[in-house]
Amino acid sequence: MRKIWLVVKREYVTRVKTKGFVIATLIVPLIGVLTVVLVAFLATHRSDQNVRIAIVDNAGGLAESAARSLSAVRENGKPEFTISETIDRPASLDAVQQGLRARINSGTLDAYLVIPGDLTQPFELHTKNPNNFALLGPLNTAVNQTLMEARLRARGIRVDDIGELSLGADLQVMKVSKSGESVERGQTMGIGIGLVILLYMSLLMYGITTMRSVLEEKTTRTMEVLISSVRPAQLLAGKILGVAGAAFTQFLIWIVALGLLLSYGAVMAAMFNPGSSFPRIHVPISLLIWAVCFFFGGYFLYSAMFAAIGAACSSEEDAQQLQWLAMGPLVFTMAIYWTVLSDPSSTASIILSEIPFCAPVLMPLRMSVQAPPAWQAALSVVLLLLTTVGVIYASAKVYRVGVLMYGKRPTLPELVRWLRYS
Amino acid sequence: MDAISLENVSKSYDSVTAVSGVTLRVRQGAVLGLLGPNGAGKTTTIRMVMNILVPDEGSIHVLGRPVSDESRDSIGYLPEERGLYPRMHVRQLIVFLGALHGLSEAEADRRAREWLDRFELGEWGEKKVNELSKGMQQKVQFIASVLHRPPLVILDEPFSGLDPVNAATVKDIMLEMRDQGCTIVLSTHRMEQVEKMCDSICLINHGRSVLDGDLRAIKQSYGKNTVHIEFAGPDAFLQHPSVAALNRFATGVEAKIKPGADPQEILKAAVQSGAQITRFELLEPSLNDIFIEKTANA
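Residue numbers (the working numbering), protein chains in the order written: chain A, 1 to 422; chain B, 423 to 720.
Here is the structure:
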């Protein structure tokens, strides 16, 4: 036990003291903060730039209504479009278009809309930047409203404000769960995807860290000195726990930072804009606890696999070729998590979330969307635990044989044979 | 009680037999030279004594007890494949390895300082391992293997990479440890080191022990079958039928004499041929000769 502890301590201390660790610990929350600030900035400061648009009306009498729809003001009080000119039934469309194109190219106009003479034909938008979706949305609405108004008028119905008439209803989604109902604004999906990415990234990142750490002992030939006093299984256990310690230290720092940030954000929001509610994302504590449990299980499962791969190889290149053995199931999980997210109680989702290699990611995801029956969660934990024990046992065997093997990268059948050595 | 005893030990990997039926006793306080060509099975033998590998057959005792994880704490091991964590601080690393052998960290630290001073590495203790030269790393490794004052040390090529001054320091420390009753197993290809340091040898070839026992007795059993000759003039006499093999040097030749032949016959032939003999000396075979003879025709 003392030897395992010594290995854990060395692994933890040397890892936490590296520049890489300190930088990652600081930079990840920083990137997070910057992303949030950037998104918030972009959301509140949508381009103030006004789009100067000309309307060419071949049908006649529609330009005015289109202009009215387009000049509707936005929430920030500024109009999105400025109608620079309307041209009613031009004598020569080509000549007019030529003039407008020249103005667009010289920068005095941003776009022009052509209303066809025959309204069953498509409307045309001519612009320099056809990818500006912020522009296309309101334009499409305006075109539809114009068309609707024209058709109503053709049936003898006069409308003053087509915008009001065509106003749709919002569909408010309520999430029903055992603890009651909550308004759903996409936070379930947000939490689910966030959870999947977090679990996947950390399993992969710390798994590879463990693999590298084992590999370092082999490539620097420190291994034989070590295993002359520590049993390979002790070394493996110490290594996995040491890296885990470093990982959890990092997580703890991030979580505390996030907590501080959220409360700071809430305070700032209340100060500058009383009455506004800072977006609250409520993550149930039980979900957190489950996620941590599954993360632990998954971490030990994958780390043991990565460590065995590190032990079996003698160079970084070899390890990169063998690491698909451990990465495969993780990547597979990422490829199919959408199935679980969209229908968490389907048979496929139930089976997938019981598979131990997928469970660490998929079961917490299922839980975040819809609480599964207790027996399914329990079964998943038990299966994960048993598999983890089995994999650690097998990894210890590969480790024991592999740590002293140098040279050629072992093939899969060779790895299997190593498992049978006494 | 023997420091190490191997009883009919065998070990094979897949289809390759690495060690086959080796029986060996190392007396406590002895300095044993473990010899053999590359791939003979020395490292496998050592690894089995270190309980890194488990023999397929036979039994191994260390200091009177069957090998176990505990028995390894009484052994200081300097493997041939050596390496240190490159990014760890030197003294920290020595303390870590000492603690793994059962020392308290405070005690390990005290001893580490002593040893570093002795090897003139005192001011390097706070440096990282990868800032050290290869020879310095070698010394650090040696310190790490003897820090816990084991009653038995196994050193695989301890002098490789050391300059003559440091090699002499290591040699002095080994002799000092021997005088304190420590048993030393020295595995090396440098025969002159073995002749100077060891009182007994074990020669392994193709996984078998082909020669073992007291070094002096072994040499005597070969008799004085070598003549060292320094001369000027014609060398035709070296083709004498009593000469079994020749080894030429810059200053002279070493002629191995056929069993039962009389070296005087060669001297006679030399004088008759007109060679000017300046030195003619009967020698015991060198360990080098014994090594080559035992391993070449096996």
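The beta-carbon is built from N, C-alpha and C at its ideal position, and this holds for glycine as well.
For residue i, is the classification buried or exposed, using 16 other Cβ atoms within 10 angstroms of its Cβ as the cut-off for buried?
i, result
"K397 (chain A)", "buried"
"V39 (chain A)", "exposed"
"Y393 (chain A)", "exposed"
"R638 (chain B)", "exposed"
"R420 (chain A)", "exposed"
"W324 (chain A)", "exposed"
"E598 (chain B)", "exposed"
"Q686 (chain B)", "exposed"
"Q250 (chain A)", "buried"
Contact check, residue i vs residue j under 8 Å by CB: the rounded distance?
i, j, result
"V33 (chain A)", "L383 (chain A)", "No, V33 (chain A) and L383 (chain A) are not in contact; Cβ-Cβ is about 39 Å, not under 8 Å."
"I53 (chain A)", "L113 (chain A)", "6 Å"
"A102 (chain A)", "V51 (chain A)", "That belief does not hold up - the Cβ atoms of A102 (chain A) and V51 (chain A) are roughly 18 Å apart, past 8 Å."
"F653 (chain B)", "A683 (chain B)", "Not confirmed; about 19 Å, so no contact."
Enumerate in chain order the residues of its own chain whose CB-to-CB distance from residue i is below 6 Å, with the five nearest sequence positions on each side excluded.
i, result
"Q234 (chain A)", "K3 and I4"
"P572 (chain B)", "S496, I497 and G498"
"Y12 (chain A)", "G242, G245 and A246"
"C358 (chain A)", "T333 and L352"
"A462 (chain B)", "I626 and N627"
"T591 (chain B)", "none"
When the Cα atoms are used, what is the spatial distance from residue i to residue j?
i, j, result
"V173 (chain A)", "P364 (chain A)", "23 Å"
"I497 (chain B)", "I355 (chain A)", "46 Å"
"V381 (chain A)", "R487 (chain B)", "44 Å"
"M472 (chain B)", "S609 (chain B)", "14 Å"
"G629 (chain B)", "T467 (chain B)", "9 Å"
"G20 (chain A)", "T388 (chain A)", "29 Å"
"C445 (chain B)", "G524 (chain B)", "With the sequence shown as reference, residue 445 (chain B) is identified as Thr, and Cys is not the correct amino acid for it. In a straight line, the C-alpha of T445 (chain B) is about 30 Å away from that of G524 (chain B)."
"E614 (chain B)", "N710 (chain B)", "8 Å"
"K690 (chain B)", "V632 (chain B)", "37 Å"
"S84 (chain A)", "L100 (chain A)", "11 Å"
"E492 (chain B)", "H483 (chain B)", "12 Å"
"E216 (chain A)", "M223 (chain A)", "9 Å"
"N460 (chain B)", "D478 (chain B)", "22 Å"
"L301 (chain A)", "L203 (chain A)", "9 Å"
"E527 (chain B)", "A521 (chain B)", "6 Å"
"I227 (chain A)", "F564 (chain B)", "16 Å"
"A440 (chain B)", "L404 (chain A)", "15 Å"
"A72 (chain A)", "S345 (chain A)", "45 Å"
"Q559 (chain B)", "F713 (chain B)", "31 Å"
"F671 (chain B)", "V431 (chain B)", "41 Å"
"E181 (chain A)", "F295 (chain A)", "28 Å"
"G655 (chain B)", "D636 (chain B)", "40 Å"
"L164 (chain A)", "T127 (chain A)", "First, the amino acid is wrong: residue 164 (chain A) is Glu here, not Leu. E164 (chain A) and T127 (chain A): Cα-Cα distance of roughly 28 Å."
"G443 (chain B)", "I640 (chain B)", "21 Å"
"K550 (chain B)", "P508 (chain B)", "7 Å"
"V214 (chain A)", "A348 (chain A)", "37 Å"
"L147 (chain A)", "P138 (chain A)", "14 Å"
Determine the closest residue to residue i out of the options, with distance taken between C-alpha atoms.
i, options, result
"A307 (chain A)", "A:S395, A:L352 and A:A291", "A:S395"
"S166 (chain A)", "A:G180, A:Q145 and A:S177", "A:Q145"
"A534 (chain B)", "B:D684, B:L515, B:V431 and B:V665", "B:L515"
"E149 (chain A)", "A:I162, A:N140, A:T141 and A:V176", "A:I162"
"T411 (chain A)", "A:V183, A:Q321 and A:G390", "A:Q321"
"L62 (chain A)", "A:I23, A:R153 and A:K19", "A:R153"
"L454 (chain B)", "B:A697, B:I576 and B:E652", "B:I576"
"E545 (chain B)", "B:G635, B:H511 and B:S631", "B:H511"
"R89 (chain A)", "A:A102, A:D57, A:R15 and A:K178", "A:D57"
"G390 (chain A)", "A:A371, A:G298 and A:V159", "A:G298"
"L288 (chain A)", "A:G194, A:S263 and A:V37", "A:G194"
"G168 (chain A)", "A:V159, A:K175 and A:T141", "A:T141"
"I679 (chain B)", "B:V438, B:Q602 and B:V665", "B:V665"
"L485 (chain B)", "B:Q642, B:G603, B:Y644 and B:T700", "B:G603"
Grab me the residues of residue i's own chain with a C-beta within less than 8 Å of its C-beta, minus the 5 sequence neighbours each way, in chain order.
i, result
"T210 (chain A)", "K239, I240, V243, S303, F306, A307 and G310"
"G458 (chain B)", "K464, L625, I626, N627 and T717"
"Y337 (chain A)", "V196, V361, L362 and L365"
"P116 (chain A)", "N58, A59, P122, F123 and E124"
"E548 (chain B)", "H511, V512 and R513"
Using a Cβ-Cβ cut-off of 7 Å (strictly less than) and excluding sequence neighbours within five positions of residue i, which residues of its own chain qualify?
i, result
"G557 (chain B)", "G583, L584, D585 and N588"
"P501 (chain B)", "D578"
"L668 (chain B)", "L660, V675 and A677"
"Q450 (chain B)", "M423, D424, A425 and T605"
"R409 (chain A)", "C313, D318, Q321 and L322"
"R540 (chain B)", "none"
"K175 (chain A)", "E181, S182, E184 and T188"
Is residue i near the ligand NAP, with its Cβ less than 6 Å from a heavy atom?
i, result
"D491 (chain B)", "This structure does not include the ligand NAP; it has no bound ligands of any sort."
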